[in-house]
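Counting in the numbering used here, the sequence shown runs from 251 upward without gaps.
For glycine and all other residues, C-beta sits at the position ideal for the given N, C-alpha and C.
These notes are about the structure you will find just below.
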Amino acid sequence: MVLTIALCLYVFTASYLLTGLIRRYALKKRLIDIPNLRSSHDVPTPRGGGFAVVIVFLSTIIGLTVIYELEADPHTIAVLILSSALIAGIGFWDDHQPLAAKWRFLVHFIAATGALFLLPELPGIQLFSWVLDSSIILFFFYSLMLVWLLNLYNFMDGIDGLAGVEAMTTAGAAVLLLGLQGQMYWALITLLLAACVGGFLVWNWPPAKIFMGDACSGFLGFILGLMALMTSISGGLNMWCWWILMSVFIVDATTTLCRRIMRGEIWYQAHRSHAYQILSRRLNSHKKVTQSVLAINVFWLLPWAYVSVVYEAWAPLICIVAMAPLCVAVLKLGAGTTND
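Written out as structure tokens, the structure is:
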């Protein structure tokens, strides 16, 4: 316990200090997000601070694996580190010199399919009394899932503190549930991720002094997706549980994407039609939206995620129940239908 607390304090402090250094670097190199008609912010703000989360988290995991020879399969940890580092790398490049969408997606699919190919197995998906366990279908589905999760995190990182709070609460809830399942190694890894994000969030809390950047937002979506797969393989948490925990981002981003495609819009083009963006304009506050997401994750989604672990056979129905009010909310807000 003492070691765990010390590690959390270390990664929190390291992430906080490194974010401050990156902020100075971004100001010096003029890596600034300038407000425009499709922005949700009004003040020019440096970007890329989330890269501190990537550096501190991955270096800590490498150190723990080498020094303490933790119980996880080193091969599995290598897959997690290398594939997520590739995602962070392409995001870092895009933060400095914007890349065409086709090249970003190519790297995303290479990282996703490479990680899946190297995993020892792919977890089946419980559908009531039946389990989907076709390797081909699962490989295709999980490839799309990983690519979508990393991109939806990019899309949802649009107001102060939102992506950081989502990652912290998702990881924090997973820590609790993994601990209850006796999965202490994965609980530690997930706890360290939450602590790293916490150090950055001090700077990113509304009003943000620095933005996360694609290097970190894509990394967070991808790493949470990989953790979902790996903890499902280990028997810790099923996939439905993870989808419930990430419901706010999944529902808003997916609904917005589908409605924009139906309207004939270029789906990957910058816009302000996500439900959280619309709500932040109506409330004239980033903080209120971010705090609302925190409350939803803790008081609504975490209890349902726990129920999905206890009653795994009923997890698909539990997931629908958990997501249904969120779907109604984003539809009523007009997600994907307006930029006003």
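### Task
Report the rounded CA-to-CA distance for G270 versus D383, giving the unit in angstroms.
Position 20 of the sequence shown holds residue 270. Position 133 of the sequence shown holds residue 383. Roughly 46 Å separates the two Cα atoms.
### Task
Using only alpha-carbon positions, find the residue among A335, D464, V557 and V306 that is nearest to L627.
The question about residue 627 has no answer, for the chain in this structure spans 251 to 590.
### Query
DSSP state of Q541, grouped into three classes?
The residue you call residue 541 lines up with position 291 of the sequence shown. When secondary structure is reduced to three states using DSSP, Q541 falls in the helix class.
### Message
With three or more beta-carbon pairs closer than 8 Å as the criterion, would you say the region 452-462 touches the region 292-306?
### Response
Yes, the region 452-462 is in contact with the region 292-306.
### Query
I think L451 touches T505, with their Cβ atoms under 8 Å apart; what is that distance to the nearest whole Å?
Translated into positions along the sequence shown, residue 451 becomes position 201. Translated into positions along the sequence shown, residue 505 becomes position 255. At roughly 26 Å, the Cβ-Cβ gap does not stay under 8 Å, so L451 and T505 are not in contact.
### Task
Give the straight-line distance between the Cα atoms of T420 and W490, rounded to the nearest whole angstrom.
Here residue 420 refers to the residue found at position 170 of the sequence shown. Here residue 490 refers to the residue found at position 240 of the sequence shown. The alpha-carbon atoms of T420 and W490 are separated by roughly 13 Å.
### Message
Based on DSSP bridge pairs, tell me the residues matched to L377.
### Response
The residue given as residue 377 occupies position 127 in the sequence shown. Listed as beta-bridge partners of L377 by DSSP are W380.
### Query
By how many angstroms is the C-alpha of W550 removed from the C-alpha of S265?
One-based indexing of the sequence shown puts residue 265 at position 15. One-based indexing of the sequence shown puts residue 550 at position 300. Between S265 and W550, the C-alpha separation is close to 29 Å.
### Task
Can you check the region 468-554 for any alpha helix (DSSP H) of at least 4 residues that lies completely inside it and give the ranges in chain order?
The DSSP assignment places complete alpha helix (DSSP H) segments of no fewer than 4 residues inside the region 468-554 at 489-495, 497-512, 525-533 and 536-545, in order along the chain.
### Task
Closer than 8 Å by C-beta to P370: which residues in its own chain qualify, once you throw out the five before and the five after it? Chain order, please.
Taking the first residue of the sequence shown as position 1, residue 370 is located at position 120. D323, H325, T326 and I483.
### Query
So G299 packs on W453, CB below 8 Å; how close in whole Å?
Stepping through the sequence shown from its first residue, residue 299 is reached at position 49. Stepping through the sequence shown from its first residue, residue 453 is reached at position 203. Contact holds; Cβ gap of about 6 Å.
### Message
Only counting the same chain, and skipping five residues up and downstream in sequence, which positions put a Cβ closer than 7 Å to that of L576?
### Response
To locate residue 576, count along the sequence shown from 1; it is residue 326. The residues are S497, V498 and V501.
### Query
P285: buried (16+ other C-beta within 10 angstroms of its C-beta) or exposed?
Against the sequence shown, residue 285 aligns to sequence position 35. Classification for P285: exposed.
### Task
Could you spell out where the alpha helix (DSSP H) holding G429 opens and where it closes?
What you label residue 429 is simply residue 179 of the sequence shown in a count that begins at 1. First-last of the alpha helix (DSSP H) with G429: L412 to L430.
### Task
Give me the Cβ distance between L533 and V415, rounded to the nearest whole Å; I'm assuming they're in contact under 8 Å.
The residue given as residue 533 occupies position 283 in the sequence shown. The residue given as residue 415 occupies position 165 in the sequence shown. Contact flag wrong, Cβ pair sits at about 16 Å.
### Task
Please check the pair S379 and A361, which I expect to be a contact at CB under 8 Å, by giving their CB distance rounded to whole angstroms.
As a first step, residue 379 is located in the sequence shown; it is residue number 129 there, counting from the start. As a first step, residue 361 is located in the sequence shown; it is residue number 111 there, counting from the start. No, S379 and A361 are not in contact; Cβ-Cβ is about 35 Å, not under 8 Å.
### Residue environment, P553, which counts as buried when at least 16 other CB atoms sit within 10 Å
Taking the first residue of the sequence shown as 1, we reach residue 553 at position 303. Label assigned to P553: exposed.
### Task
Go to V357, then tell me how far its alpha helix (DSSP H) extends in each direction, as first and last residue.
Taking the sequence shown and counting its residues from 1, the one referred to as residue 357 is at position 107. In the DSSP annotation of this structure, the continuous segment of the alpha helix (DSSP H) that includes V357 starts and ends at A351 to L368.
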